[in-house]
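Following full-length UniProt numbering, the numbering of the sequence shown begins with 1 at its first residue and continues without gaps. Below is one structure; the comments refer to it alone.
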Amino acid sequence: MHGRDQKGALSSLSSVAKIPYDCCKDGISNTFSIVPKSLGKEPEDQNRNLTSMLDGYAMQCGHHLNINVFNRETLIDAMEHPEEYP
């Protein structure tokens, strides 16, 4: 839900990774959305920073992470031209 990760993406992921897996026998699923420019200015920086976030989450024993990386313009374009987004 919008506004729930008050202290940022890393804090949110770290909080989910701390949930004891033994308490969640059906699994822990985390869907995480982030805009590309919050990961860096250049595509190389964005890729490196996203990879670092994923590595950090996995190193904390985080499970089942679904990441959506998109911006408003892409979402609007996808709604207007769904055939271009298979």
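From the three backbone atoms N, C-alpha and C, an ideal C-beta is built for every residue, glycine too. Computed from a predicted model, the values in this text were never measured in an experiment.
Do residue i and residue j have their C-beta atoms closer together than 8 Å?
i           : j   : result
I34         : V69 : yes
D45         : L54 : no
N66         : F32 : yes
residue 173 : L10 : For residue 173 there is no data in the structure shown, the boundaries of the chain being 1 and 86.
Take the Cβ of residue i as the centre, count every other Cβ of all protein chains shown within 10 Å, and call the residue buried at 16 or more, exposed below.
i   : result
G8  : exposed
A17 : buried
L21 : Correcting the residue type first, residue 21 is Tyr in the shown sequence and not Leu. Exposed: under 16 other Cβ atoms inside 10 Å.
In chain order, what residues of the same chain have a beta carbon less than 6 Å from the beta carbon of residue i, not counting five sequence neighbours either side?
i   : result
A78 : Y85
Between which residues of its own chain and residue i is the CB-CB distance below 8 Å, once the five residues before and five after are set aside?
i   : result
H64 : G27, I28, S29, N30
M1  : Low confidence applies here, because M1 scores a pLDDT of 48, under 50, leaving its location unreliable; read the following figure in that light. Hits under 8 Å: none found.
In this structure, what does DSSP give as the bridge partners for residue i?
i   : result
N68 : S33
Suppose the cutoff is 7 Å on Cβ atoms and the five residues either side in sequence are ignored; what does the same chain contact list for residue i look like?
i   : result
Y57 : L13, A17, L65
Which ranges would you report for the beta strand (DSSP E) in the region 5 to 64 if only whole runs of at least 3 residues count? DSSP runs (the beta strand (DSSP E)) wholly in the region 5 to 64: 30 to 34.
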